[in-house]
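In this text, residue positions in the sequence shown follow the UniProt record's numbering: the first is 1, and each later residue adds one.
The C-beta atom is built at its ideal place from N, Cα and C for all residues, glycine as well.
Okay, so here's the structure we're looking at.
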Amino acid sequence: MAASMEAIGAARMRLLRSRETDAGMPSTCKHVDLGAVATLTKTEQVVSDLKLQNTFLEDQVKRLSDQLSKFQALGFTMDNKSPGGRSGDGMSPTGFLEGMVEGAPLPPWLTDAQYLSPLLVAYDQRLLEQEKQMEEQDSQVRAMRARVEEVVYENERLAGDLSHHMMLLNNRAEANVSALPDEYQELLGRIQLLTKENDLLVMHQQAQAKDLQQMSQTLEERTASMVKMQTEASGIIHARDQALHDVKELDSVCNELQAEMQAMAEKVVDLERGSSKLQSVVKAKEDARKVLDDLNKQLQGQLEALREEHQRTCAREEQANGLNAALQRDLDTTRAAAHQAGEELAVARRDAGELREAAAALEARLAEYNRKDIEVFQRIKQAKTSAEEAVLARDQVLAREAGLDAELADLRRQLAEERTGFARQLEAEVERATASTQRANQNLREDSKRLEARVAEAEAELER
């Protein structure tokens with residue numbers, strides 16, 4: 001444009017010199033400056049080229065506005081740090097405007113994806129970490145589910161065996177209930193009490209297995225959400241690649257927008273502050289998830305302890321069944337001895353004394369077993385209380401996580417509002433630049449019209 005203005009000025013000077021030279025001379029003796037006429041023809045061609053260039057620039061400004069809107073929608077920032085946290089070649093926000101001089105090489109923020117979109121690179125790294133964590137958690141859940149199935153199968157088998165033996169014992173007890181002493185009836189009552197406690201343990205274990213299944217379902221839902229996030233991230237990466245391709249085409253237009261980019265740098269710093277606050281909120285959310293994982297591990301440890309206590313209780317129950325069978329055999333022997341003759345009465349009394357001693361020892365053992373069972377029941381109550389506390393803590397952590405999600409949504413909404421305002425301001429600046437260009441073009445058209453009028457006057461004078 002400067003060259004065209006110089007050409008127009010030179011044409012005007014030649015016309016003035018021609019008029020001064022030809023003043024006072026007859027029309028037949030006037031000198032016709034063919035060079036000036038040729039220059040005017042070239043000037044008309046330059047004006048036509050300028051009109052075409054103006055149309056091209058208007059189209060480029062429109063394309064630039066559309067691309068900037070896309071970048072803002074994708075979270076485009078001109079960060080001066082690489083995703084690793086190291087400074088990107090020591091460039092400040094104003095340093096991004098350097099290297100745009102005519103003939104200079106392209107700056108890295110136009111060719112390097114780490115400078116152009118560091119937030120997307122960090123987001124990709126975070127997705128990879130989340131995928132690894134989800135794979136580890138899936139393997140742990142599968143292993144835990146297999147162990148729970150084994151324990152449930154073993155418990156069902158033991159419960160079936162216990163019910164079968166209890167049925168046999170009840171049938172045998174009903175057949176001999178009239179001949180059993182009160183001590184043995186009390187022993188049977190205690191065995192029934194142990195059976196009921198064992199049923200309570202099985203019910204508690206089933207409730208814990210149900211809680212574990214709910215936790216596994218929650219983990220699967222989170223896995224589905226992570227897959228959805230990965231799909232969205234791949235779409236964002238595709239859009240980023242398309243944006244990089246478009247940025248390379250906008251290299252010539254960026255030379256004319258250096259002044260606007262200097263004003264944008266300050267607003268980009270504000271956006272980076274909002275982004276750092278958003279990252280701190282995400283970190284707090286990750287800490288809350290770690291606390292929830294620790295609580296889940298504690299609950300699993302308590303579940304294993306309850307399983308061990310249940311196994312020990314089953315073993316003690318088998319010992320009690322063995323002692324009951326031995327007592328039954330001793331009782332049969334005593335009944336056979338009671339039917340013997342009177343001369344064997346002393347031997348029968350001695351056997352009865354031994355039987356009483358064995359019954360006393362058995363009662364002492366049963367008292368010890370009862371005390372241990374009470375301790376086990378208390379431990380179960382404590383474990384249940386701990387499990388309830390863990391569930392309450394888990395609910396609190398989930399509530400805290402929901403609050404963090406709400407805060408994160410507010411921050412995203414604020415960031416979107418700031419981006420919208422920034423886009424509107426940029427559009428206003430582009431509109432002002434377009435209006436300024438249009439005014440310059442209008443002035444150029446007016447100058448061209450005046451020049452054409454003068455050329456017409458010069459041609460009229462030449463014809464005269």
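What number of angstroms, rounded off, separates the C-alpha of Q206 from the C-alpha of E186? 30 Å
Pairwise C-alpha distance: L128 and L158: 45 Å
Rounded to the nearest angstrom, what separates Q45 and T420 at their Cα positions? 43 Å
Since V152 contacts A209 with CB under 8 Å, what's their CB separation in whole angstroms? The Cβ separation is near 7 Å, so the contact holds.
Closest to L201 by C-alpha separation, out of A406, M166 and F377, would be which residue? F377
Given this structure, state the Cα-to-Cα distance separating A367 from A360, to the nearest angstrom. 10 Å
When we look at the beta-carbon of A2 and count the other beta-carbons within 10 Å, is it buried (16 or more) or exposed? Per-residue confidence for A2 stands at a pLDDT of 49, beneath the threshold of 50, marking its modelled position as unreliable; the derived number appears in the next sentence. By the 10 Å Cβ count, A2 comes out exposed.
7 Å Cβ cutoff met for M167 and T223: no
What runs of the beta strand (DSSP E), each 3 residues or longer, lie entirely inside the stretch 396-455? none
Going by the beta-carbon positions, is the gap between S436 and V47 smaller than 7 Å? no
Nearest neighbour of Q438, chosen from E131, V391, R394 and K51 [CA to CA]: K51
By the 10 Å Cβ neighbour count, where 16 or more other Cβ atoms means buried, how is T43 classified, buried or exposed? buried
Burial state of L426 (16 or more Cβ within 10 Å): buried
Is the beta carbon of N54 sitting closer than 7 Å to the one on N441? yes
Could you check which residue in R394, E357, S163 and A456 has the C-alpha nearest to that of A214? With the sequence shown as reference, residue 214 is identified as Gln, and Ala is not the correct amino acid for it. Nearest C-alpha to Q214: R394.
Reducing DSSP to helix, strand and coil, say where G24 ends up. Note that G24 has pLDDT 49, beneath the 50 cutoff, so the model's placement of it is unreliable and no number is given.
From E401 to N198, what distance separates their C-alpha atoms? 38 Å
Suppose you measure from the CA of E58 to the CA of Q125; what does that come to, to the nearest Å? The straight-line gap separating the alpha-carbon atoms of E58 and Q125 is approximately 40 Å.
Using the C-alpha atoms, what's the distance from E459 back to L451? Going by the C-alpha atoms only, they are around 12 Å apart.
Looking only at its chain, what residues have a beta carbon closer than 8 Å to the beta carbon of N170, apart from the 5 residues adjacent to it on each side? none
Does N370 pass the burial test, meaning 16 or more other C-beta atoms within 10 Å, or should it be called exposed? exposed
Cutoff 6 Å; reference M144; Cβ partners in own chain excluding five residues on either side: none
Could you check if V227 is buried or exposed, using at least 16 other CB atoms within 10 Å of its CB as the buried criterion? exposed
Taking the alpha-carbon positions, what's the E221 to A406 distance? 19 Å
Just tell me which of E389, E354, L212 and R350 has its CA closest to the CA of E304. L212
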